[in-house]
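Asks: In our numbering, the protein residues as written are 2 to 1174.
To start, I am sharing the structure in question, which I have written as structure tokens.
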């Protein structure tokens, strides 16, 4: 009983420890989740292959050559295997080199950004920089042509010997050299792909032609270009060879060899001779047809299913290339069996995407490369008629497949991520270790296949929808976005486990090879036992399935044993590509001898899986590469906006950026210009800025405003700012900085910068809202954990009774409530703006300098930046007023008055102005009855007041700079903080900080660009006014005289009312220098200054007033003399004195007033024009 109690306590103690350990682990997980809501071991650190500074690449290598590897006592078997293996290995190397260094570079040759302008001579320079690429292309294609010719010769010899029953081919029961045909088709596919690239990229031949023409011109003056004539000749020969190589096409050269051997005998006699033999070798052609038919049938049966292998779609392209070669070689119509499978291929998969995302339309490819003499083949003819329907049906099939398989793919991927990232603890039991490694091997294959399937679906659907111009539904677009994200998740998962896979890679290779060895060891033991028995009966029984008679049984057994020993020898290495190809060739020979019960199909499947595991890094990089999105750049904005609208999808952001950044890797490998790369970088950065950061900043600001204003507005419901909001935006700010290859984007930092700038600017322009923004700042800290800067603003300027910052908050109020004095550089408040005060406000240079000392330059710059917008609105109002029907008739009268039939100018402006003053009608403007000229003066005066404010601000800033310059002692203090930090030997961080301080101080005191804004204003508004939309300003100078006369009359009346001591607000004298400044500005921007000067209006006005005054004075003297003679008679008769003298004196006084006003306006007008110029 006691022992049972002790056991129970021990079990409870173990359970308690397990629970405590789990509690600690869960606490850590929750803590990490609190720091980053999407942080986990798999998703917290999104991986991009472009961002890894150091990476480990593991790949089995083989240092022994083929002759050393293939050491057999059987010389004939060794010879056959060696020859075919060498050709297959060479083709594999050349095709891999072309995939990495030629295809992408040729596709992107000459590619540039849409905004890039191609300058003269740039194509020649581009081709010259890429000359090494085309030299590599020439060498690779030349070498591939030689190897293919050799392999074709070997295959022709084998089938010829078999046909003649020669040794050792007489031992073959059925010659099926799958590996050799597959390698041959790979080499042909390389030529086919190169031809398609040349067809789609016309810049290659165009740039080469320009480069060759440039070389021909350089030959006439080689010394001017600093190049030797011999080097120039060598370059010319290279260019000529390249032109000849590219003009003929790589694959079409084979057609030339087949159909015109007599013309090409001297160029490539080996190809011509081999092709002539092949055409007569019926057995080889039948084997080729059988390989194409069986291969395509097998691939098409598993296409678009879970059984589809990694290279099936690339193999379709290779089989297509071999089919075209077989048609060329046979020079006859393909048989019906082959035509049927080709027609099925064109229906099932009309488009192939491979080799860097390139699109290959199989029907177009066949039609471009098919022999013209056989172009009437019914299969191609029928497929061409149904081409459009086939593409649409394929797109429908892809959409149906997406709807059917997308959920199973997501489920399979979720299970794969969990199991793949599970930690494998160290084990001592070898059997358990092998089980774990086999599971790991299975998961590697599964992850690669899932990623490959998603890549195919995403690339095909996006490209076909764009090609066929079929819109994508929003839900499907979101699922495609998730598909791209999951591809990068797979890449990240492989990256996280990469080192573990590399450590276990030798063991995985070892047990796969051990599994393959078991098949060969059983056959070897059986074969050796039969040979040891020496029984002919046993030999016949064992080889009953190998032979068709009793001849050469010993040789067949010897060949089989040699091949089995060679296969076992290849399996005892590290799994290099050399050994794998030799093993596959040996398997083909072994299978050709006859049927051995060793499971050839199972062995080949294991070898294909071995190839995937051995080169898993390159394969994973290929199947998770999203560089095809570079062709669909317009999707980045759509997908980012989708991600922003759904908070649950915000963890996709890093993966989505990594996917679009694969386009940068694509461009860099393609060796495009820096301008194109920077343009794509800018597109990605702008997409994040405008689709993520900008709306997030606006939403957070709106959320803060709603919370703060809800506590200040009457009748509002108080909310808890820590819980209640428009939406939960805090998750966005807890993301780690987004990593892209060229920079890091910290969303939280951008939001903090935006809010700091917004709060500062609004507080600078509206100081009475300072308290509101302080509350918003505190709320941002509590709710979003944002660290914002303090708002260092004084409430008011202490040295003066007026606060300039408050005055500048509303330019419209400044324009209407103040009058500008151009002589004293001040703005004087109008009496209508008193608002209960007993004093007038004045804004002058000293007030601006004092406010700058308190608030800094930012508030002034903010006011200056709002001036163009204000002037633009006033110009719109002025244009509308000038377009009125009454205004049009008024301008016509002015035009007729000021010009004779000959075009001369009249000089009687005062009478004209007086006539207008008498006959002027009335218009309505903002519910106020104002005369037309008064409305024009009103708008022009507002513009001039604001321009005067600009001059005051400029002078005030200059005064402020002069004041603070008193604290600069000598030139020794002019050194920058960066220079001083470097001299003192500080760390790089300190030097960087000093440089930032220098830039900040320089920008703080660089006020010249902000203040000297008149020139920019003239440039902008001149272009706008002179456009066709602003025809009303065409004859603006003709209306200026009437406006000035109206102003003179208004000023004279105001002064008369003031002398009569009627001192109400309406009788205040108003400074009208704003109107003068506005007229000068409008004449400047309309470029009518010269036209106005040619009117000589002020000169004519002065002359007219002077003559009128003299005439009136003479008339008064004459009347006085006449009146003096009759004064006594009037007194005797008791009659009053004549009123003629009194009226004449009033006229004289009025003319003198007008004369003074005109002189004053003329003087102010000259000052205004000088100030503006």
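Using N, Cα and C, we set each Cβ at its ideal position, and we do this for glycine too.
Which stretch, first to last residue, makes up the alpha helix (DSSP H) that contains residue 353?
Replies: If you number the chain shown from 1, residue 353 lands on position 352. Annotation: residue 353 is outside any alpha helix (DSSP H); the continuous beta strand (DSSP E) that includes it extends over 352-355.
Asks: Taking the alpha-carbon positions, what's the residue 733 to residue 485 distance?
Replies: Locating residue 733 in the chain shown gives position 732, counting from the first residue. Locating residue 485 in the chain shown gives position 484, counting from the first residue. Taking the straight line joining both Cα atoms gives about 21 Å.
Asks: Can you tell me which of the three DSSP states residue 729 falls into?
Replies: One-based indexing of the chain shown puts residue 729 at position 728. Residue state, collapsed to three classes: coil.
Asks: Could you check whether the segment 821-831 touches the segment 930-949, counting it as contact only if at least three pairs of C-beta atoms, one from each stretch, sit closer than 8 Å?
Replies: Enough Cβ pairs lie closer than 8 Å, so yes.
Asks: Going straight from the alpha carbon of residue 462 to that of residue 415, what length do you get?
Replies: For the purposes of this step, residue 462 is taken as residue 461 along the chain shown, with counting starting at 1. For the purposes of this step, residue 415 is taken as residue 414 along the chain shown, with counting starting at 1. Residue 462 and residue 415: Cα-Cα distance of roughly 23 Å.
Asks: Are the beta-carbon atoms of residue 252 and residue 193 separated by less than 7 Å?
Replies: The sequence position of residue 252 within the chain shown is 251, counting from 1. The sequence position of residue 193 within the chain shown is 192, counting from 1. For residue 252 and residue 193, yes; Cβs fall inside 7 Å.
Asks: Are the CB atoms of residue 155 and residue 211 nearer to each other than 7 Å?
Replies: Reading the chain shown from its first residue, position 154 is the one you call residue 155. Reading the chain shown from its first residue, position 210 is the one you call residue 211. Not closer than 7 Å, so no.
Asks: How big is the Cα-Cα spacing for residue 316 and residue 361?
Replies: To locate residue 316, count along the chain shown from 1; it is residue 315. To locate residue 361, count along the chain shown from 1; it is residue 360. Whole-angstrom Cα-Cα distance: 13 Å.
Asks: Which residues in the same chain have their Cβ closer than 8 Å to the Cβ of residue 920, if we skip the five residues on either side of it in sequence?
Replies: Working through the chain shown from its first residue, we reach residue 920 at position 919. For residue 920, the pLDDT reaches just 31, beneath the cut-off of 50, and the residue's location in the model is therefore unreliable, leaving the point undetermined.
Asks: Among the residues of its own chain, which have a CB less than 6 Å from the CB of residue 1179, if the five just before and after it don't count?
Replies: Within the shown structure, residues of the chain are numbered from 2 to 1174, placing residue 1179 beyond reach of any answer.
Asks: How would you write the range of the alpha helix (DSSP H) that residue 362 sits in, first residue to last?
Replies: Taking the first residue of the chain shown as position 1, residue 362 is located at position 361. Per DSSP, residue 362 belongs to no alpha helix (DSSP H); it is in the beta strand (DSSP E), 359-362.
Asks: Are residue 350 and residue 150 close, meaning C-beta to C-beta below 7 Å?
Replies: Within the chain shown, the letter at position 349 stands for residue 350. Within the chain shown, the letter at position 149 stands for residue 150. No.
Asks: Using only alpha-carbon positions, find the residue among 663, 134, 1056 that is nearest to residue 740.
Replies: Numbered from its first residue, the chain shown carries residue 740 at position 739. Measuring from the Cα of residue 740, the nearest candidate turns out to be 663.
Asks: Terminal residues of the continuous alpha helix (DSSP H) containing residue 818?
Replies: If you number the chain shown from 1, residue 818 lands on position 817. It spans 812-818 - the alpha helix (DSSP H) in which residue 818 sits, taken as one unbroken run.
Asks: Are there 16 or more other CB atoms within 10 angstroms of the CB of residue 1167, so buried, or fewer, so exposed?
Replies: Residue 1167 sits at position 1166 when you count from the first residue of the chain shown. The residue is exposed, with fewer than 16 neighbouring Cβ atoms inside 10 Å.
Asks: Can you give the Cα-Cα distance for residue 531 and residue 525, rounded to whole angstroms?
Replies: Locating residue 531 in the chain shown gives position 530, counting from the first residue. Locating residue 525 in the chain shown gives position 524, counting from the first residue. When rounded, the separation of the alpha-carbon atoms in residue 531 and residue 525 is 10 Å.
Asks: Leaving aside the five residues before and after residue 587 along the sequence, list all residues of the same chain whose C-beta is less than 8 Å from its C-beta, in chain order.
Replies: Reading the chain shown from its first residue, position 586 is the one you call residue 587. Taken in chain order, the residues that qualify are 82, 564, 567, 568, 571.
Asks: Among residues of its own chain, excluding the 5 on either side of residue 960, which ones have a beta-carbon nearer than 8 Å to its beta-carbon?
Replies: Taking the first residue of the chain shown as 1, we reach residue 960 at position 959. Excluding positions up to five away in sequence, the list reads 846, 847, 849, 850.
Asks: Can you tell me which of the three DSSP states residue 282 falls into?
Replies: Counted from its first residue, the chain shown places residue 282 at position 281. Residue state, collapsed to three classes: coil.
Asks: Rank 753, 1173, 142, 991 by C-alpha distance to the C-alpha of residue 1090 and give the top, closest one.
Replies: The sequence position of residue 1090 within the chain shown is 1089, counting from 1. It is 1173 whose Cα lies nearest to the Cα of residue 1090.
Asks: Quick check on the DSSP output: what are the complete alpha helix (DSSP H) runs of length 4 or more inside the segment 60-85, in order along the chain?
Replies: Listed in chain order, the complete alpha helix (DSSP H) runs (minimum 4 residues) inside the segment 60-85 are 67-70.
Asks: Does the beta carbon of residue 1023 come closer than 7 Å to any beta carbon on chain C?
Replies: The structure shown has no chain C; it contains just one protein chain.
Asks: Using only alpha-carbon positions, find the residue among 622, 558, 626, 613 that is nearest to residue 595.
Replies: What you label residue 595 is simply residue 594 of the chain shown in a count that begins at 1. Checking every option, the nearest Cα to that of residue 595 belongs to 558.
Asks: What's the C-alpha gap between residue 179 and residue 84?
Replies: Looking up residue 179 in the chain shown gives position 178. Looking up residue 84 in the chain shown gives position 83. About 15 Å.
Asks: Is residue 911 helix, strand or coil when you go by DSSP?
Replies: As a working note, residue 911 is residue 910 in the chain shown. Note on residue 911: pLDDT 45, under 50, position unreliable in the model; no value is reported.
Asks: For residue 498, I'd like the list of residues in its chain whose CB is within less than 8 Å of its CB, leaving aside the five on either flank, ordered along the chain.
Replies: As a first step, residue 498 must be located in the chain shown, where it is residue number 497. Apart from the 5 residues on each side of it in sequence, residue 498 sits with its Cβ closer than 8 Å to the Cβ of 421, 422 in its chain, given in chain order.
Asks: Here's a check: name, in chain order, each residue in its chain whose Cβ is nearer than 7 Å to the Cβ of residue 937, leaving out the five neighbours to either side.
Replies: Looking up residue 937 in the chain shown gives position 936. If we look at residue 937 and ignore the five residues flanking it on each side, its Cβ neighbours are 882, 1044.
Asks: Can we count residue 1091 as close to the ligand SAH, meaning its CB is less than 6 Å from some heavy atom?
Replies: This structure simply doesn't include the ligand SAH, nor any ligand for that matter.
Asks: Taking contact to mean 3 or more Cβ pairs, one atom from each stretch, closer than 8 Å, check whether the segment 381-400 and the segment 359-373 are in contact.
Replies: yes
Asks: If you drop the 5 nearest sequence neighbours on each side, which residues of the same chain put their C-beta closer than 8 Å to that of residue 843?
Replies: For the purposes of this step, residue 843 is taken as residue 842 along the chain shown, with counting starting at 1. Excluding residues within five positions, the ones whose Cβ falls inside 8 Å are 803, 827, 828, 829, 830.
Asks: With 16 as the cutoff for other CB atoms within 10 Å, does residue 72 come out buried or exposed?
Replies: Looking up residue 72 in the chain shown gives position 71. Counting Cβ neighbours within 10 Å, residue 72 comes out exposed, since fewer than 16 surround it.
Asks: Could you say which of 658, 450, 1074 lies nearest to residue 745 if we only look at CA atoms?
Replies: In the chain shown, counting from the first residue as 1, residue 745 sits at position 744. Checked all of 658, 450, 1074; the closest Cα to residue 745 is 658.
Asks: Output the distance between the C-alpha atoms of residue 949 and residue 693, rounded to the nearest integer angstrom.
Replies: One-based indexing of the chain shown puts residue 949 at position 948. One-based indexing of the chain shown puts residue 693 at position 692. Taking the Cα positions, residue 949 is about 42 Å away from residue 693.
Asks: Where residue 130 and residue 636 are concerned, what is the direct C-alpha to C-alpha distance, given to the nearest angstrom?
Replies: Along the chain shown, read from residue 1 onward, the residue named residue 130 stands at position 129. Along the chain shown, read from residue 1 onward, the residue named residue 636 stands at position 635. Between residue 130 and residue 636, the C-alpha separation is close to 33 Å.
Asks: Does DSSP put residue 1154 in a helix, a strand or coil?
Replies: As a first step, residue 1154 must be located in the chain shown, where it is residue number 1153. DSSP places residue 1154 in helix when its eight states are reduced to three.
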